[in-house]
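Have a look at the structure below, then the notes.
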Amino acid sequence: MIQESFKLRNVEFKNRILVASGTFGYGDEVPDLVDIAKLGGIMTKSLSMKPRDGNPNPRIAETASGMLNSIGLANIGVHKFIAEKLPTLKRHDTKIIANIAASSVEEYCGVLELLDVQDGVHGFEINVSCPNVKEGGLSFGTDVKLVSLITKELRRRTQKPLIVKLTPNVTHISEFARACEAEGADAVSVINTVIGMAVNINKRSPKIATTTGGLSGPAIKPIALAKVYETVNAVKIPVIGIGGIVSWEDAVEFFIVGASMVQIGTANFINPSTGVTVAEGVKQYCGQNGIDDVSKLVKSLRTNKNVSIVDSWL
Amino acid sequence: MIQESFKLRNVEFKNRILVASGTFGYGDEVPDLVDIAKLGGIMTKSLSMKPRDGNPNPRIAETASGMLNSIGLANIGVHKFIAEKLPTLKRHDTKIIANIAASSVEEYCGVLELLDVQDGVHGFEINVSCPNVKEGGLSFGTDVKLVSLITKELRRRTQKPLIVKLTPNVTHISEFARACEAEGADAVSVINTVIGMAVNINKRSPKIATTTGGLSGPAIKPIALAKVYETVNAVKIPVIGIGGIVSWEDAVEFFIVGASMVQIGTANFINPSTGVTVAEGVKQYCGQNGIDDVSKLVKSLRTNKNVSIVDSWL
Amino acid sequence: MKQEIVTIHSFEHLTAEILELTFVSDYLSAIAKPGQFINIRVDNNFPLLRRPFSIFNVDGNKISIVFNVIGTGTKMLARKRVGDTIDIVGPCGNSFLSFVDGSFDTAVFVAGGIGVAPFTFFTKHFPQGKNLMTYVGGRHKELIVEKGLRNVKVATDDGSMGFHGTVLDLIKDDHAKNKYGTMRFFLCGPTRMMKAVADYAHEHGASCYASLECDMACGIGLCQGCNIEMAGGDKKYRLVCKEGTIFETQSVKL
Amino acid sequence: MKQEIVTIHSFEHLTAEILELTFVSDYLSAIAKPGQFINIRVDNNFPLLRRPFSIFNVDGNKISIVFNVIGTGTKMLARKRVGDTIDIVGPCGNSFLSFVDGSFDTAVFVAGGIGVAPFTFFTKHFPQGKNLMTYVGGRHKELIVEKGLRNVKVATDDGSMGFHGTVLDLIKDDHAKNKYGTMRFFLCGPTRMMKAVADYAHEHGASCYASLECDMACGIGLCQGCNIEMAGGDKKYRLVCKEGTIFETQSVKL
Ligand SMILES: Cc1cc2nc3c(=O)[nH]c(=O)nc-3n(C[C@H](O)[C@H](O)[C@H](O)COP(=O)(O)OP(=O)(O)OC[C@H]3O[C@@H](n4cnc5c(N)ncnc54)[C@H](O)[C@@H]3O)c2cc1C
Ligand SMILES: Cc1cc2nc3c(=O)[nH]c(=O)nc-3n(C[C@H](O)[C@H](O)[C@H](O)COP(=O)(O)OP(=O)(O)OC[C@H]3O[C@@H](n4cnc5c(N)ncnc54)[C@H](O)[C@@H]3O)c2cc1C
Ligand SMILES: Cc1cc2nc3c(=O)[nH]c(=O)nc-3n(C[C@H](O)[C@H](O)[C@H](O)COP(=O)(O)O)c2cc1C
Ligand SMILES: Cc1cc2nc3c(=O)[nH]c(=O)nc-3n(C[C@H](O)[C@H](O)[C@H](O)COP(=O)(O)O)c2cc1C
Ligand code: FES
Ligand code: FES
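Chains as they are written, first to last, in the working numbering: chain A, 14 to 327; chain B, 14 to 327; chain C, 24 to 277; chain D, 24 to 277.
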């Protein structure tokens, strides 16, 4: 019997494998493809107060072992989400974490307050790191004072788990994690996409309409692992690892480095049930290695202290 | 007849394709594999005042479409370089740019002065961005004041082309490029490797001895292109594009975004003559597209202004 | 919709450049409809994303697609052997059949290049009673497929086969000679071609439906990466993979 | 050293798990020496880096390697067909022959698992006059290769073939019964095995040379990624790919 569950604040996740925001729709596209009850939780598509059309096309481009996207937080808006999506989402035997993206502190608070009273919503992930929208998004995520302020204001408004999702597009992600910890966040998610670009050499134009986009997929896994390493060595709150996970082996890497939970993003586009196979694989790995609780895997990295450049700024 | 050459300060490169520092040895490993005379130039392995043993093994690990390295600036030292390597390097009909890495401003100056009097050395690339050494290296590269100071001190000491090689591991690479421009650098190289990490899940230890290393190869090309985009829109001095180039198509992407020259790094490990094939391919592309001078390709990107998040901080 | 590992039953060269790949799937063959596509993982590692292919034919429990090698994924697909397995997701998207009704006399199929792919299956399920004209255009004859089509007229840019010119020129030429009553156009091919033909159709008061193509990350509505701008109405964008791929051409900005 | 595109001439299963891949190269066959390796690009896109393989045999203008499938690259290599081409760089590294001289009576070849690879070619070029003993160890019999070896004794961890135990146990057992005069050991296999055997050799006053293995980015001295720490002397590290792969075992920290 292997202990897979994880408790964040007052919420118990049946396992530590979540699906990442914006890569699983609202959970209603995949029922025939995925046994959602085997997932620890679903991070919803980022929700804003008003519906957002999102960015013009093309919005995606494939790169070497990765992809660029610039969806631009297209979403149906929090009201429609509550009215039309939440009722079906609630029926799934898994935890629903509402991911919120906004262009002002007020909007973050407003959206959270509307969702906080919904019993189908078990917690919040705050996206302060979307590289594809100019008001809000990354402009918030690279300003540690704003991230502190947003965290503080939201913390005052909810007793549910509050997770802040950080951007890797900063010099020292640990500063941001510390700010979130100081303002009472229950966890941080590391990482959102990495700013990237691709060019169509026939048209001599960017492959996506917004010139730059967010890079995701296996290509960024090493970057994500390094950011998780930096973060787990800077804060005591749990870190949720994200970036390039396509297999259970990838997830185990994140746990060993110190992630308490992980999220599957881009891999859902290729194999929507990746989260389920990852959960099974992690469990098997633990069994074969005599680990009776995944928590014993977390931060079990055998390494010489202070050999990494990252250690020098922690 | 297509104009391929590029002039930087007082030095004329026969074409715009260079081989990146640390990926081509001292030019003496590859004579039977590469027609070096077809390269625009060679950036030497980073040189320091004293020889450096470099980091313990393992120093490299493969990742999805990329690799991590932590060589740690292993090099024979500037004196031995001048005595043993330069004489043979000089014989090649290409430009030799000495790449310098140091752990103090004084060391940077000292190494440069020793090399400046060598007529076989045509210019300098200053590595302030090695993610694998703790004194100097990245700790310099993430401090804009130090980068300014180093640039200023070196500029005073040489009339040869002075190129500063920047790290992508900062929030706004454009700030660093502007500082270099202000202090008289002739160009900036963008990018050095991206901090990354990989874990051996059987040993539960990092795949490289220094825990984190520098990510390179096709995986980082989108990141490099975005950093070049940011830089070329911030400064007027030439930008040398580096990151994940394995084909002439990749190089053309960098030129279109605005790179005046490009460097081939990791690809040399797989096909040491990549630089030559890239040069030929770029020339062909120009021919087929009625471009008589590669300079007309440079910064020919057709894009809507100010749609990228990057534009918002320029 | 399902994700399946299927076994390649056969490879056939329809032309020097176009391959037909046939595999076995009881599930797909039972429910797939003309105009739908499947999303293929050509390899476990590289390229990262699946590649969408229209269903070309369903014969018993055998499904086939046709493709030409244009890049990494199609090259790897062409390298596979009979007996190899491939990982597919499908059926995806809507069907041409939803747009076949009593409001027209003649269906006009217009295919550009590999855009011919969905029409063979569509033809098979097209109501017997109705008139059907098929116009297939391509750069040259090696890109022309007629297998399983009815009343086919061919146009090639280089004149190596059939009419010398674009498929639209061919249509104009034919319509000058023959009358087909109320027409409904069904298009699949390069966007530029579809736009031109759609404009022609509308000028002539005919209704027109096009199967759109765009790069897709998921093909099943998860990524929102395949948006097409609407000409009007409530929503600014729709998802090609899920709300399409087939749209009434005046409803979208081609 | 050259980079060549060579054509696969044949595939042969030496055991259920070990494949011999043979290709044609006039250049390599003319200059390759026992102990050297080639660096293979298994595919144009993925995995990124070349994969090093010891030269197993040279027969006329045919070169062969042996390998077992352990991951992405070897799996893709095993999937290739006769007639396919592969992109290789070689010959790389130093040769065992540089360490064959008059200072010993008997050469002791010790192979662990796929580490047997270089010994077949080495055996072929080993001076006729000299004594030669070969000890091959592996986890089980499907990992044991004897092709082209002389005076072979086999050990398997599970006892499925030959001596039941490690290759070192086998050596001790044999040396207890037979005397071979002054010995020189030549090792290739897992580092732990080589360390143990090297210690044994030194305890018995024998000289010892080992072909080291490590992950390599280039295989030709460009990346400095394959460093091995020296036991002493001027340089702290040497490059396995260029200054090795064969080192006197007391000169390096195994
Ligand atoms: C719904 C749908 C159905 C399709 N049905 C078929 C089919 O039945 N038969 C068939 O041969 N192809 C079909 N395609 C196109 C097919 O998916 C692409 O040709 C394929 O993705 C190219 O993959 P690749 O790896 O070989 O090329 P890549 O290496 O991905 O690209 C090579 C070159 O082709 C361009 N390219 C890539 N994808 C597309 C695309 N979707 N449209 C236009 N250019 C592209 C790239 O920009 C690049 O320049 C369909 C596409 C869609 C969206
Ligand atoms: C000089 C040299 C000569 C070699 N000669 C042979 C040979 O003749 N026959 C042969 O079968 N193999 C040989 N090898 C090992 C061979 O190169 C590796 O097995 C191969 O690189 C694995 O590639 P892969 O993509 O299949 O495995 P990967 O997917 O790269 O790795 C799969 C697993 O194997 C491990 N692994 C990868 N590379 C090595 C390695 N070099 N040593 C140990 N474990 C590794 C990885 O850590 C991973 O756990 C040689 C290696 C070197 C350095
Ligand atoms: C198409 C796409 C859409 C995304 N949308 C969102 C989003 O709405 N909100 C958010 O916080 N992250 C979003 N992300 C980021 C992912 O949640 C995840 O952080 C990132 O993709 C890295 O993980 P991966 O490599 O596993 O994909 C999106 C990613 C992709 C690829
Ligand atoms: C093994 C290795 C060693 C490197 N050594 C150096 C170095 O000594 N000095 C330096 O400025 N950059 C060094 N680099 C960085 C490269 O010059 C280049 O900036 C980086 O690898 C990105 O380009 P690429 O993706 O084409 O490899 C090294 C890169 C690799 C992979
Ligand atoms: S391709 Fe992902 S939503 Fe359409
Ligand atoms: S593998 Fe690159 S130097 Fe040895």
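For each residue, glycine too, the CB sits at the ideal point set by N, CA and C.
The DSSP assignment places 151-154 and 157-170 as complete runs of the alpha helix (DSSP H) inside the segment 127-172 of chain B, in order along the chain (cut-off: 4 residues). At a cut-off of 6 angstroms, the beta-carbon of Asn-281/B does not count as near ligand 4: no heavy atom of the ligand is closer than that.
Three or more pairs of CB atoms, one per stretch, sit closer than 8 angstroms, so the segment 166-177 of chain A contacts the segment 19-31 of chain A. For Val-203/A, the CB contacts under 6 angstroms within the same chain, skipping 5 residues up- and downstream, are Leu-179, Lys-240, Val-241, Thr-244 and Val-252 in chain order. If you measure from each CB to the nearest heavy atom of ligand 6, the residues under 7 angstroms come out as Phe-282/B, Met-239/D, Ala-240/D, Cys-241/D, Gly-242/D, Ile-243/D, Gly-244/D, Leu-245/D, Cys-246/D, Gln-247/D, Gly-248/D, Cys-249/D, Leu-262/D, Val-263/D, Cys-264/D and Lys-265/D. Those residues of the segment 176-199 of chain A placed with their C-beta closer than 7 angstroms to a C-beta in chain B are Asn-182, Val-183 and Thr-184, ordered along the chain.
Of the residues assessed, Glu-35/D falls on the exposed side of the cut-off, its CB having fewer than 16 other CB atoms within 10 angstroms. Counted as a single uninterrupted DSSP element, the beta strand (DSSP E) harbouring Asp-82/C occupies residues 80-82. Note on Pro-71/A: 16 or more other CB atoms within 10 angstroms of its CB, so buried under the neighbour-count rule.
With respect to chain C, the C-beta atom of Asp-45/A has a partner C-beta closer than 7 angstroms. In this structure, DSSP gives Asp-192/D a helical state, which the three-state scheme calls helix. In terms of CA proximity to Tyr-39/B, Arg-104/B leads the group Arg-104/B, Ala-264/B, Asn-317/B and Leu-81/B. Taking 7 angstroms as the cut-off between beta carbons, the residues of the segment 72-83 of chain A near chain C are Arg-72, Ile-73, Ala-74, Glu-75, Ser-78, Gly-79, Met-80 and Asn-82, in sequence order. At least one CB atom of chain C sits nearer than 7 angstroms to the CB of Phe-69/D. Taken in chain order, the whole beta strand (DSSP E) runs of length 3 or more contained in the segment 16-84 of chain B are 19-21, 24-26, 30-32, 54-56, 73-76 and 79-82. The C-beta of Tyr-260/C comes closer than 7 angstroms to at least one C-beta of chain A.
Non-local C-beta neighbours of Phe-132/C in its own chain, meaning closer than 6 angstroms and more than five positions away in sequence, comprise Phe-142, Thr-157 and Phe-209, ordered along the chain. With its beta carbon at least 7 angstroms from every one in chain D, Asp-132/B lies outside the interface.
DSSP places Gln-297/A inside the alpha helix (DSSP H), whose first and last residues are 287-301. Counting only runs of at least 4 residues, the segment 88-132 of chain C fully encloses the following alpha helix (DSSP H) elements, listed from N- to C-terminal order: 95-102. Contact check for Thr-108/D and Ile-28/D: beta-carbon distance about 5 angstroms, within the 8 angstroms limit, so the pair qualifies. Under the Cβ distance rule, Glu-17/B does not count among the residues neighbouring chain A, no pair being separated by less than 7 angstroms.
Using a CB distance cut-off of 7 angstroms, Asp-128/C does not count as an interface residue toward chain A.
Interface with chain B (7 angstroms Cβ-Cβ cutoff): Ile-243/D is included. Secondary structure within the segment 191-229 of chain D: the beta strand (DSSP E) runs of 3 or more consecutive residues, fully enclosed, are 206-211 (chain order).
In the structure shown, His-36/C adopts extended strand secondary structure according to DSSP, grouped into three states. Here the alpha carbon of Val-175/C sits roughly 18 angstroms from the alpha carbon of Ala-224/C. The beta carbon of Ala-229/C sits closer than 8 angstroms to the beta carbons of Phe-127, Val-131, Thr-205, Met-206, Arg-207 and Phe-208 from its chain, once the five residues preceding and following it are set aside; these are given in chain order.
As DSSP reads the structure, Ser-273/A sits in no beta bridge.
In this structure, the alpha-carbon of Lys-312/B lies about 41 angstroms from that of Pro-69/B.
In this chain, the alpha helix (DSSP H) harbouring Arg-104/B covers 99-104. Between the alpha carbons of Ser-229/B and His-187/C lies a distance of about 50 angstroms. Annotated three-state conformation of His-187/D is strand, per DSSP.
In this structure, DSSP gives Lys-164/C a helical state, which the three-state scheme calls helix. Shown here, Phe-94/B sits in a helix according to DSSP, grouped into three states. In this structure, Leu-72/C sits near Glu-75/A, with a CB-CB distance shorter than 7 angstroms.
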